[in-house]
Amino acid sequence: DNKKPAVVFTWYKDTAERVQEQVPDSILVTGDYDPNERTRMAHKAQKNGQTIVATAPSMREGINLSQYRSVIFFEEDWPPGSNFQALSRVVRDRNDNGIDKDVVLVDYVHASKTIDEVIHKVAQRRTASIKEVMKEILM
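Numbering (our numbering), first residue to last: 222 to 360.
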């Protein structure tokens, strides 16, 4: 339903392929492409205002997606750090004197009473725990 381009992360390649088929004018990025090609594809998609549907591992490092304002996790990884790394491709330094200029909307898609719901709950709980630990360390 999102009318603006987004970055959609999945864990599995076959899921990314099925999602990409349903999103008009989107591109698919997976580990099948070498890292330089993935970067080129991402830059071209941003320039053309296209949604990127990608496996999270294929977009974790070295790709700046900060022009996007919407992220959709269609599938999440078990360790919250992996999800955070994928999200960090979009959420960059957006502050100027402590004021948020651009908000990034993050949506999580999962069916209730499935393993995806369990993974989401565990990842969220583990993220909260990590934040508490870091708060203690940084104080």
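From the three backbone atoms N, C-alpha and C, an ideal C-beta is built for every residue, glycine too.
Note that the structure is predicted; figures quoted are calculated from it, not measured.
By the Cβ-count criterion, Tyr289 is buried, with 16 or more other Cβ atoms from all chains shown falling within 10 Å of its own Cβ. Ala263 and Ser333 have their C-alpha atoms some 32 Å from each other. With contacts defined as CB atoms closer than 7 Å, Val250 and Phe295 fail to qualify as a contacting pair.
When secondary structure is reduced to three states using DSSP, Val244 falls in the coil class, being assigned neither helix nor strand. Spanning the alpha carbons of Val324 and Thr276 requires a straight line of approximately 23 Å. Annotation note: the stretch 256-330 contains the following uninterrupted alpha helix (DSSP H) runs of length 4 or greater, listed N- to C-terminal: 256-269, 301-309. Short of 7 Å from the beta carbon of Gly252, and not among the five residues preceding or following it, lie these beta carbons of its own chain, in chain order: Thr276, Pro278, Ser279. In terms of CA proximity to Ala237, Thr272 leads the group Thr272, Thr335, Glu282, Gly283. In this structure, Arg313 and Asn285 form a Cβ contact; the two beta carbons are roughly 7 Å apart against a cut-off of 8 Å. Here Thr231 is buried, its C-beta having at least 16 other C-beta atoms within 10 Å. Membership of Thr335 in any beta strand (DSSP E) is not indicated, and neither H nor E is assigned to it by DSSP.
Of Val330, Ala227, Glu282, Thr335, the smallest CA-CA separation from Gln267 is found for Ala227.
Secondary structure at Thr251: coil, using DSSP grouped into helix, strand and coil.
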